[in-house]
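Engineer: Numbering (our numbering), first residue to last: 3 to 413. Note that the Cβ used here is the ideal one computed from N, Cα and C, for glycine as well. None of these values were measured; they are calculated from a predicted model. The structure that follows is given in the form of structure tokens.
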Ligand SMILES: NC(=O)c1ccc[n+]([C@@H]2O[C@H](COP(=O)([O-])OP(=O)(O)OC[C@H]3O[C@@H](n4cnc5c(N)ncnc54)[C@H](OP(=O)(O)O)[C@@H]3O)[C@@H](O)[C@H]2O)c1
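Here you go:
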């Protein structure tokens with residue numbers, strides 16, 4: 003019998019090293035690589051799944067993995083089976099403040115995982131109505147923010163980042179010795195000069211930051227999977243903050259947990275969304291589309307060659323196998339051009355990325371976000387900017403292209 007499990011997120015060059023396996027030691031670890039196929043890396047631990055190993059031996063599933071030559075520890079779900087974290091938190095009340103995508107996903111997951119969870123919201127707001135629809139009961143597990151804060155021993159601050167600043171004075175009287183506060187973003191703590199979010203010294207301050215939307219936090223949990231999250235300990239007053247952070251990370255729906263610190267998390271997060279995840283990609287799409295249009299190409303041709311082929315065909319393959327695989331697998335014509343041109347694009351954009359990182363690191367991005375988001379005209383101004391993108395030719399062309407997809411036609 004030879005069972006395997008699959009780590010889709012590892013790069014193809016990854017090696018796995020087992021740690022802390024006192025009873026069963028893996029006699030063999032094989033890494034099966036298929037460098038020319040879409041198959042992910044498969045790792046066999048002597049024919050036994052790591053989760054099974056855990057059940058058999060209560061061994062920790064912390065693994066040290068080699069990420070392109072750098073070793074990092076990864077915690078996984080089997081490290082904290084349900085019964086174990088239920089025991090750890092049996093005397094805790096987890097008060098989730100805020101019911102945006104993260105508050106909703108994390109609170110429902112932790113409740114379904116058998117923890118004592120309450121939700122704290124402003125009464126009558128949009129979130130309050132949603133929480134009622136989801137079955138939270140006023141006076142039982144749904145409270146106004148103040149009451150939830152007073153009842154919680156572990157407080158999840160999952161308000162919007164702007165509201166975290168605004169409501170912080172309401173939090174502080176309830177942050178008494180021995181309590182824990184957790185965040186899903188390093189924002190409020192790292193930029194404390196702007197936010198004034200400064201917790202007292204005698205509480206634990208931790209972070210569990212899911213790497214995806216709160217909707218995915220919930221949907222992956224319901225699918226029996228778990229989202230990747232990073233975690234960090236900012237303040238360890240009880241001496242137990244790290245273990246409790248990992249356990250809570252699993253309880254709210256993480257599958258894998260990667261350690262970071264608050265600063266690195268917020269820097270990489272703000273940098274990434276302004277860069278390749280959203281800002282840079284819209285800039286690149288638009289520049290390429292404009293050049294094609296200015297040279298006489300039709301909107302459909304310009305869109306297909308810029309966005310549709312990228313998102314529908316190439317990027318999923320890059321996600322599955324890496325850009326190295328993509329370069330090896332494409333036509334020789336595409337290969338030659340891509341090899342010659344990635345360097346000029348790299349050289350042209352790297353200074354912009356440097357400038358962006360500096361702007362994140364010196365707090366400019368945060369000040370701008372807080373200032374813009376707390377303006378009374380925020381919604382109106384935002385709507386105007388979004389309208390500009392929505393009504394631009396490229397995304398109007400995209401709407402038509404998408405309407406031609408078989409799944410859209412079959413609706
Ligand atoms: N969204 C993501 O994908 C994501 C991913 C990872 C981490 N995070 C982090 O997770 C945290 C929560 O983010 P989110 O996107 O889930 O939430 P969000 O949509 O930014 O915040 C919504 C919550 O904040 C409440 N709120 C806003 N202003 C308020 C005020 N003045 N008084 C009382 N409540 C107020 C809203 O209540 P009402 O409905 O009553 O207005 C709602 O419950 C943030 O730190 C964020 O950076 C988010």
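Once DSSP output is grouped into helix, strand and coil, what is the label at residue 299?
Structural biologist: In the chain shown, counting from the first residue as 1, residue 299 sits at position 297. Three-state DSSP puts residue 299 in coil, outside helix and strand.
Engineer: Closer than 7 Å: is that where the CB of residue 97 sits relative to any heavy atom of ligand 1?
Structural biologist: Indexing the chain shown from 1 puts residue 97 at position 95. The answer is no for residue 97.
Engineer: In the DSSP output, what is residue 140 paired with across the bridge?
Structural biologist: Residue 140 sits at position 138 when you count from the first residue of the chain shown. Note: residue 140 sits in a beta bridge opposite 144.
Engineer: Across which residues does DSSP place residue 260 in a beta bridge pair?
Structural biologist: As a first step, residue 260 is located in the chain shown; it is residue number 258 there, counting from the start. Answer by DSSP bridge pairing, in chain order: 76 and 232.
Engineer: Report yes if the C-beta of residue 294 is less than 7 Å from at least one heavy atom of ligand 1; otherwise report no.
Structural biologist: By 1-based counting over the chain shown, the position of residue 294 is 292. No, Cβ of residue 294 sits at least 7 Å from all heavy atoms of ligand 1.
Engineer: In the DSSP output, what is residue 158 paired with across the bridge?
Structural biologist: Taking the chain shown and counting its residues from 1, the one referred to as residue 158 is at position 156. Beta-bridge pairing links residue 158 to 98 and 184.
Engineer: So residue 209 is in the beta strand (DSSP E); what residue range does that whole segment cover?
Structural biologist: The residue given as residue 209 occupies position 207 in the chain shown. Residues 206–212.
Engineer: Unbroken alpha helix (DSSP H) runs of length 4 or more, entirely within the region 367–406: which are they?
Structural biologist: Complete alpha helix (DSSP H) runs here, min 4: 380–392 and 395–405.
Engineer: Compute the minimum distance between the beta carbon of residue 211 and the heavy atoms of ligand 1, and state whether it is under 7 Å.
Structural biologist: Taking the chain shown and counting its residues from 1, one reaches residue 211 at position 209. Under cutoff, so the answer is yes.
Engineer: To the nearest angstrom, how far is the alpha carbon of residue 410 from that of residue 194?
Structural biologist: Position 408 of the chain shown holds residue 410. Position 192 of the chain shown holds residue 194. Rounded to the nearest angstrom, the two C-alpha atoms are 47 Å apart.
Engineer: Could you give the DSSP three-state label for residue 178: helix, strand or coil?
Structural biologist: Locating residue 178 in the chain shown gives position 176, counting from the first residue. Correct three-state label for residue 178: coil.
Engineer: Please state whether DSSP places residue 283 in a helix, a strand or coil.
Structural biologist: Walking along the chain shown from the start, residue 283 turns up at place 281. Residue 283: helix per DSSP, three-state reduction.
Engineer: Indicate whether the contact test is met: 3 or more Cβ pairs, each with one atom in the region 227–237 and one in the region 251–268, closer than 8 Å.
Structural biologist: With a cut-off of 8 Å, the region 251–268 and the region 227–237 count as touching, because enough Cβ pairs lie within range.
Engineer: Does at least one heavy atom of ligand 1 sit under 7 Å from the Cβ of residue 380?
Structural biologist: Counting from one through the chain shown, the residue named residue 380 turns up at place 378. False, no ligand heavy atom lies under 7 Å from that Cβ.
Engineer: Please go through the same chain and pick out, in chain order, the residues whose beta-carbon is closer than 8 Å to the beta-carbon of residue 265, but skip the five residues on each side of it.
Structural biologist: Here residue 265 is taken as the residue at index 263 of the chain shown, counted from 1. So the list reads 188 and 192, once near-sequence residues are dropped.
Engineer: Is residue 171 near ligand 1, in the sense that its beta carbon is under 7 Å from a heavy atom of that ligand?
Structural biologist: Along the chain shown, one-based indexing puts residue 171 at 169. No - ligand 1 has no heavy atom lying nearer than 7 Å to the Cβ of residue 171.
Engineer: Thinking C-alpha only, which one of 224, 295, 78 and 196 is nearest residue 396?
Structural biologist: The count along the chain shown starts at 1 and reaches residue 396 at position 394. Residue 295 is the option with its Cα nearest to residue 396.
Engineer: Of the choices 111, 154, 365 and 101, whose alpha-carbon is the least far from that of residue 129?
Structural biologist: Taking the first residue of the chain shown as position 1, residue 129 is located at position 127. If we check each option's Cα against that of residue 129, 101 comes out closest.
Engineer: Alpha carbons only, please: which of 180, 220 and 290 is nearest the one belonging to residue 238?
Structural biologist: Position 236 of the chain shown holds residue 238. Here the closest residue by C-alpha is 180.
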